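Chains as they are written, first to last, in the working numbering: chain A, 89 to 341; chain B, 89 to 341; chain C, 89 to 341; chain D, 89 to 341; chain E, 89 to 341.
Data block below; observations after.
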Amino acid sequence: MTEQTLLTTQTSQEQSEKQTSNPGTKQPRQLVRFTFYKLDPQWQLLHEEKRQQGKQELLAIFDAYSQEHVMRSFGLYGLRSDCDFMLWQASYAIEDLQGISSKIRCSVMGPYIREVHAFLSMTKRSVYVGKNARGAHDPRLVITPEDKKYLFVYPFVKTRTWYALSLEDRKRMMNEHIRVGLTFPSVSLNTTYSFGLDDQEFVVAFETDIVSDFLDLVQQLRETEASRYTLRDTPMFTCVAQPLHEILEAIGA
Amino acid sequence: MTEQTLLTTQTSQEQSEKQTSNPGTKQPRQLVRFTFYKLDPQWQLLHEEKRQQGKQELLAIFDAYSQEHVMRSFGLYGLRSDCDFMLWQASYAIEDLQGISSKIRCSVMGPYIREVHAFLSMTKRSVYVGKNARGAHDPRLVITPEDKKYLFVYPFVKTRTWYALSLEDRKRMMNEHIRVGLTFPSVSLNTTYSFGLDDQEFVVAFETDIVSDFLDLVQQLRETEASRYTLRDTPMFTCVAQPLHEILEAIGA
Amino acid sequence: MTEQTLLTTQTSQEQSEKQTSNPGTKQPRQLVRFTFYKLDPQWQLLHEEKRQQGKQELLAIFDAYSQEHVMRSFGLYGLRSDCDFMLWQASYAIEDLQGISSKIRCSVMGPYIREVHAFLSMTKRSVYVGKNARGAHDPRLVITPEDKKYLFVYPFVKTRTWYALSLEDRKRMMNEHIRVGLTFPSVSLNTTYSFGLDDQEFVVAFETDIVSDFLDLVQQLRETEASRYTLRDTPMFTCVAQPLHEILEAIGA
Amino acid sequence: MTEQTLLTTQTSQEQSEKQTSNPGTKQPRQLVRFTFYKLDPQWQLLHEEKRQQGKQELLAIFDAYSQEHVMRSFGLYGLRSDCDFMLWQASYAIEDLQGISSKIRCSVMGPYIREVHAFLSMTKRSVYVGKNARGAHDPRLVITPEDKKYLFVYPFVKTRTWYALSLEDRKRMMNEHIRVGLTFPSVSLNTTYSFGLDDQEFVVAFETDIVSDFLDLVQQLRETEASRYTLRDTPMFTCVAQPLHEILEAIGA
Amino acid sequence: MTEQTLLTTQTSQEQSEKQTSNPGTKQPRQLVRFTFYKLDPQWQLLHEEKRQQGKQELLAIFDAYSQEHVMRSFGLYGLRSDCDFMLWQASYAIEDLQGISSKIRCSVMGPYIREVHAFLSMTKRSVYVGKNARGAHDPRLVITPEDKKYLFVYPFVKTRTWYALSLEDRKRMMNEHIRVGLTFPSVSLNTTYSFGLDDQEFVVAFETDIVSDFLDLVQQLRETEASRYTLRDTPMFTCVAQPLHEILEAIGA
């Protein structure tokens, strides 16, 4: 894992001072959404002309949004039975997340593509990297996809016992976790925070070009002490970076 | 969190005397409902004229109810995959909750908007604020939305172990919980009670204008001792205050 | 709670002798069913004439059954998202439960009203009230609704640890449970038994005219020792006693 | 319970020698399936003529199969909300289970009757009855319905802790279990085995003519020591023996 | 179980050196997918001609893929209620898994066959067989079906406690597991790895010609010490090797 993104745990007592609501003196944080779609097979039974029109409209919405915000498309058809593709978005304004959803909903394809899963989160500084190291322009507060071939995404919830541990114990366990991660330099990690916003505590997103490296990393992490404090880490999604137009062709849209 | 609404736990032994069924001497309590709707995509395929008629009818029902009762609308499209909008209602009579539901069901849009989640609850005094402080006109018994930009809602169930603790222990833990809450003055809390009425024990609703403050508060609360007695606090809903007509346009209704 | 119905636990060792299969010397026990229905919105799109015919037929079926058996209707629209109304039936013969279901299924509305939940149970004597007190005509073996305004229903499963306790311990806990219940005289309880017949062990049904009394009672019961042995007590249903014709009008049938 | 069928636990260490794959010297074991069906309400909207044709075809398939294999029909309408009827089959060849399913699927009613639950299992000798007592023609290896009025069915999974107990401890607990069962002579038990074949370990099927006897037996068994090692015993199905043609009429097919 | 495939556990600390991302010096690993399909009954209502065309197209897709990759078909109709057939695929490229899915989706039958379950995994060496024994051409890295009559498949998750055990303890338990397996020589095992790729840790697939042998093996394995560390091993699928054209005929496609 790259060093930049290894650190996922936050001790809130250390943070409360600088995270409270005076945004003027702080670098803004981004909202992030991972939205998983399934095409209604009824769409495939419509006339070719309407389907071409619908696909062009959807691609135009996607492209327009992509020019101003972080937006990536991934194919999951052939890998996971409950969804066909995923859109990964990041923006500073919740209106942007709602806006793209509204545009898709109101388009010709809108009534035929279902959101079957979605994870909402925000960027946040981790307590495990010192403030001095990053200053006011911490890259962890901005989503910057590395555009590798695969993205692995899952929601994450720790046991309440974890949060009752001392900061020292948690730091020790996170350091072991980090050491294992560093043995897989091909894998980089984006962790965002969902406390109170959605059903999970974190959304964990790993980028890599080598599927087996990610599998081996996750298996090794099972033996770390921190792993015992995992309450939930499913569903797990294997996502392949693909242009949206290729995905739509592939699923027969 | 504002001081008024911080207190969520109730020791029933202290309450049984004054909460029993002699309503003449007590301030009445309100019934509260949070109803989450999803639009059936078939609605979008109907003729424009019928859809305009349906939307106008739904807005008129909403407006008429709002003039006599607490009623607010929130958008969830683009944030949560399983619902599009939420209506927050409060009233002294269960007939009012049933009445608005009936009017919506019997309207043109009725067969096309599904209730996918709903939480039923009542207002109730907390044991942690003394009777003298509020007297017979306790504002906690009346829902008064502050009309901030965001509402965060989730159902809440404590472990049975919590209820076996002494009152003293629970008060101590609630005081710590309160102290953490007070460090986020932008967040205010409405807690209502669902024991026996619905699948949860409490419905917790936080209002704020700053999403990140709420996220940081919830993360900090994980480290409180009271947090270990949480059995369930999902699903969690991020709701954006929006006029109903804007929501209906946005979801292509 | 009324004294008659407070007692819900049964020690089978004391009962095996008198509950075995010689029905000639015993008062018969009733079968009870709580059936929760949801109207298919497609029904609302049918012609008015067919819908009037369907409603009249359903009401006639209901009325005919009511004349010979215990049968009550309750509205849940506007209170719970997954069902519209509930029918509470009791009869000595399983054929009666199947008969009413068959008549509804074969009626015009049959294909459009879905059973979304149902709880099957039987009446049974509790071990906590002595045999002498009731004799051969124990009212607990006959369902006699008090026809109050509200009925609260939920399925109930105790932990296996409960059943491993001594009879003495369980009696002590049930006595505490009873004492709490007696402080809410407006609430009366019907407990029926589902062991082996359905997914729960008991179906608990409380009648009251005062919603807040029931809520406060359930919250107080959380602090009893017996409460720690609850494995499952959801879903919980708030039901409003209403004539079936009013319900059908209200849900746009 | 009848003595023949009381015994449900198997200690595999004692069995491995005689259960391995030399079928020539052993009495063959049967495959058993409990299939629960729900009628699609769309069927009820088809023309009477097609429906009569469909029902006759289904009855002919059922009768033909019944002449060569164990096959029984049970009604669940009016008792359980998620299914209408159940077919209980037993055969020596998996092709027979697939064959009847195929015939039903390909019939006129096929697209309109859904399998909503199914439990697949096999007959097997229990370790608690000695080999000598039964010899090579053990009746437990052949399903022979007693054709009583009621059949109660549920899937059953024990905790892994059970399997870590000594054989002696398990035998002692099973003996207590058996003693309780013997006090209800009206109830007989068919236990079949699903390890590795389906989601449960056992399928338990009780036949009786007296519903309350079965309820009372299951409640008493809660107090046995073996009961503490139950991990899952739901869903539970109350099934009424009925000719298939009566069932089809009753559900409006 | 055959010796080749008995070993399922991997100690990652021993593996990290040789499993990292330098594929040039390593035998490549395969991606594996088990996809379970259910036919939409609407397909059966289409004209015979279109259905024949659809079936021929699906068979041609299947045959073309089978000539270049591992691909097998299995029937589950009549055995499991939630699916009709399963396709077992293996390939070195994720594009192959996506490609076959795309071809099926875009075919005439595409809108009518639903993926109701799917398990994604990879081959991987087990730590329990030494490197020297196999060298660079380890057969465990290549899926080679033995084409027996039955395939039993389930997803598998171990408890986190397992991963906290010493390697020595885990090896001891796996050796006991292996010894039990060896008493059933008719059963062979394919274990593949899903860490991070899908909701399970392993996908376990057993081939045999004798159903009862597999049942007896799974029951015996319950008594091993390793069995206590199983967190989840359901759903379990009994799959019958059948040509796809026979399956399609049997389910009325």
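Every residue gets a Cβ at the ideal spot worked out from N, C-alpha and C, and that includes glycine.
Quick caveat: nothing in here was measured; it's all calculated off a predicted structure.
Helix, strand or coil: how does DSSP classify Leu309 (chain B) here?
Position 221 of the second sequence, counted from the start, is the residue given in the question as residue 309 (chain B). DSSP places Leu309 (chain B) in helix when its eight states are reduced to three.
Exposed or buried, Asn278 (chain C), counting other C-beta atoms within 10 Å across all chains shown (16 or more means buried)?
Along the third sequence, read from residue 1 onward, the residue named residue 278 (chain C) stands at position 190. Classification for Asn278 (chain C): buried.
With a threshold of 8 Å between beta carbons, is Ile339 (chain D) in contact with chain C?
Stepping through the fourth sequence from its first residue, residue 339 (chain D) is reached at position 251. Closer than 8 Å to some Cβ of chain C, the Cβ of Ile339 (chain D) qualifies, so yes.
Environment of Asp286 (chain B) [buried if 16+ CB atoms lie within 10 Å]
As a first step, residue 286 (chain B) must be located in the second sequence, where it is residue number 198. Under this definition Asp286 (chain B) is a buried residue.
What is the rounded straight-line gap between the Cα of Gly166 (chain E) and the Cα of Glu295 (chain A)?
Locating residue 166 (chain E) in the fifth sequence gives position 78, counting from the first residue. Locating residue 295 (chain A) in the first sequence gives position 207, counting from the first residue. Cα to Cα, Gly166 (chain E) sits roughly 42 Å from Glu295 (chain A).
Check this for me: beta carbons of Thr280 (chain C) and Ser209 (chain C), under 8 Å apart or not?
In the third sequence, residue 280 (chain C) corresponds to position 192, counting from 1. In the third sequence, residue 209 (chain C) corresponds to position 121, counting from 1. Contact: yes.
Express the C-alpha separation of Phe290 (chain B) and Ser254 (chain E) in angstroms, rounding to a whole number.
Residue 254 (chain E) sits at position 166 when you count from the first residue of the fifth sequence. Residue 290 (chain B) sits at position 202 when you count from the first residue of the second sequence. Roughly 44 Å between the two C-alpha positions.
Are the C-beta of Gln155 (chain A) and some C-beta of chain H separated by less than 8 Å?
Of the protein chains in this structure, namely A, B, C, D and E, none is chain H.
So Tyr153 (chain D) is in the beta strand (DSSP E); what residue range does that whole segment cover?
Here residue 153 (chain D) corresponds to residue number 65 of the fourth sequence, with the count starting at 1. Membership of Tyr153 (chain D) in any beta strand (DSSP E) is not indicated; the residue belongs instead to the alpha helix (DSSP H) covering 136–156.
Using a C-beta to C-beta distance shorter than 7 Å, which residues of chain B count as neighbours of Cys194 (chain A)?
For the purposes of this step, residue 194 (chain A) is taken as residue 106 along the first sequence, with counting starting at 1. Result: Gly340.
Taking the beta carbon of Thr249 (chain E) as the centre, do at least 16 other beta carbons fall within 10 Å, making it buried, or is it exposed?
Looking up residue 249 (chain E) in the fifth sequence gives position 161. Around the beta carbon of Thr249 (chain E), a 10 Å sphere encloses fewer than 16 other beta carbons of the protein chains shown; the residue is thus reported as exposed.
Skipping 5 residues on each side, what residues in its chain have a beta carbon closer than 6 Å to that of Gly340 (chain A)?
As a first step, residue 340 (chain A) is located in the first sequence; it is residue number 252 there, counting from the start. Contacts found: Gln132.
Measure from the C-beta of Asp287 (chain C) to each C-beta in chain D and report whether the shortest distance is under 8 Å.
Sequence index remark: in the third sequence, residue 287 (chain C) carries index 199 (1-based). Asp287 (chain C) counts as touching chain D.
Chain A partners of Val204 (chain B), CB-CB under 8 Å?
Residue mapping note: residue 204 (chain B) aligns to position 116 of the second sequence, counting from 1. Neighbours of Val204 (chain B) on chain A: none; closest Cβ ~12 Å, over 8 Å.
Tell me, please, whether the CB atom of Met197 (chain E) is closer than 8 Å to any CB atom in chain D?
On the fifth sequence, position 109 is the one that residue 197 (chain E) refers to. Taking 8 Å as the threshold, the shortest C-beta distance from Met197 (chain E) to chain D does not fall below it.
Is there contact between the stretch 184–197 of chain A and the stretch 149–156 of chain A, where contact requires at least three CB pairs shorter than 8 Å?
Taking 8 Å as the limit for Cβ pairs, the verdict is that the stretch 149–156 of chain A does touch the stretch 184–197 of chain A.
How many Å lie between Lys143 (chain E) and Asp321 (chain B) at the Cα?
By one-based count along the fifth sequence, residue 143 (chain E) stands at place 55. By one-based count along the second sequence, residue 321 (chain B) stands at place 233. Whole-angstrom Cα-Cα distance: 48 Å.
How would you write the range of the beta strand (DSSP E) that Ala206 (chain D) sits in, first residue to last?
What you label residue 206 (chain D) is simply residue 118 of the fourth sequence in a count that begins at 1. Run containing Ala206 (chain D): 201–210, per the beta strand (DSSP E) assignment.
Please check if any C-beta of chain A sits within less than 8 Å of the C-beta of Tyr165 (chain B).
Indexing the second sequence from 1 puts residue 165 (chain B) at position 77. Closer than 8 Å to some Cβ of chain A, the Cβ of Tyr165 (chain B) qualifies, so yes.
With a threshold of 16 other CB atoms inside 10 Å of the CB of Ala178 (chain D), please say whether the residue is buried or exposed.
Position 90 of the fourth sequence, counted from the first residue, corresponds to residue 178 (chain D). The residue is buried, with at least 16 neighbouring Cβ atoms inside 10 Å.
Outcome for Gln118 (chain A) when other beta-carbon atoms lying within 10 angstroms are tallied against a minimum of 16:
For this step, residue 118 (chain A) is matched to residue 30 along the first sequence. Counting other Cβ atoms within 10 Å of its Cβ, Gln118 (chain A) reaches 16 or more and is therefore classed as buried.
Taking 8 Å as the threshold (C-beta atoms), are Asp301 (chain E) and Lys236 (chain E) in contact?
Position 148 of the fifth sequence holds residue 236 (chain E). Position 213 of the fifth sequence holds residue 301 (chain E). Cβ distance not < 8 Å, so Lys236 (chain E) and Asp301 (chain E) don't count as in contact.
Own chain residues within Cβ distance below 7 Å of Lys246 (chain C), not counting five before or after:
Walking along the third sequence from the start, residue 246 (chain C) turns up at place 158. Here the set comprises Glu289, Tyr317, Thr318, Leu319.
Assign Val230 (chain D) to one of three DSSP states: helix, strand, or coil.
Residue 230 (chain D) sits at position 142 when you count from the first residue of the fourth sequence. Val230 (chain D) falls in the coil class under three-state DSSP.
With H, G and I counted as helix, E and B as strand and the rest as coil, what does DSSP make of Ala293 (chain A)?
Stepping through the first sequence from its first residue, residue 293 (chain A) is reached at position 205. Strand at Ala293 (chain A).
Compare the C-alpha of Leu239 (chain D) against each of D:His333, D:Val328, D:Arg139, D:Gln308 and name the closest.
Against the fourth sequence, residue 239 (chain D) aligns to sequence position 151. When each option's Cα is compared against that of Leu239 (chain D), the closest is D:Val328.
From which residue to which residue does the beta strand (DSSP E) around Leu185 (chain A) run?
Here residue 185 (chain A) refers to the residue found at position 97 of the first sequence. Run containing Leu185 (chain A): none in the beta strand (DSSP E); it sits in the alpha helix (DSSP H), 182–194.
Would Pro331 (chain E) be called buried (16 or more neighbouring beta carbons within 10 Å of its own) or exposed?
As a working mapping, residue 331 (chain E) is identified with position 243 in the fifth sequence. In this structure Pro331 (chain E) is exposed. Its beta-carbon is surrounded by fewer than 16 other beta-carbon atoms within 10 angstroms.
Which same chain residues end up closer than 7 Å to Val196 (chain C) when comparing Cβ atoms and leaving out the 5 residues on each side of it in sequence?
Here residue 196 (chain C) refers to the residue found at position 108 of the third sequence. Cβ within range, chain order: Lys138, Gln141, Gly142, Glu145.
Buried versus exposed call for Tyr180 (chain D) [16 or more other C-beta atoms within 10 Å across all chains shown]
As a first step, residue 180 (chain D) is located in the fourth sequence; it is residue number 92 there, counting from the start. So Tyr180 (chain D) ends up on the exposed side.
Three-state secondary structure (DSSP) of Lys114 (chain C):
In the third sequence, counting from the first residue as 1, residue 114 (chain C) sits at position 26. It is coil, neither helix nor strand.
For Val306 (chain B), return the contacting residues in chain A, with the cut-off set at a CB-CB distance below 7 Å.
For the purposes of this step, residue 306 (chain B) is taken as residue 218 along the second sequence, with counting starting at 1. In chain order: Phe283, Gly284.
Grouping DSSP H, G and I as helix and E and B as strand, with all else coil, what is Lys236 (chain C)?
Here residue 236 (chain C) refers to the residue found at position 148 of the third sequence. Judged by DSSP in its simplified three-state form, Lys236 (chain C) adopts coil rather than helix or strand.
Could you give the residue range of the alpha helix (DSSP H) that holds Met261 (chain C)?
Working through the third sequence from its first residue, we reach residue 261 (chain C) at position 173. Where Met261 (chain C) is concerned, the enclosing alpha helix (DSSP H) starts and stops at 255–270.
Opposing strand residues paired with Pro327 (chain B) [DSSP bridges]:
Residue mapping note: residue 327 (chain B) aligns to position 239 of the second sequence, counting from 1. Position check: residue 327 (chain B) holds Cys in this sequence, whereas Pro was assumed. Per DSSP, B:Leu239.
Starting from Ala178 (chain C), trace the beta strand (DSSP E) both ways and give me its first and last residue.
Here residue 178 (chain C) refers to the residue found at position 90 when the third sequence is read from its first residue. According to the DSSP assignment, Ala178 (chain C) belongs to the beta strand (DSSP E) that extends over 173–179.
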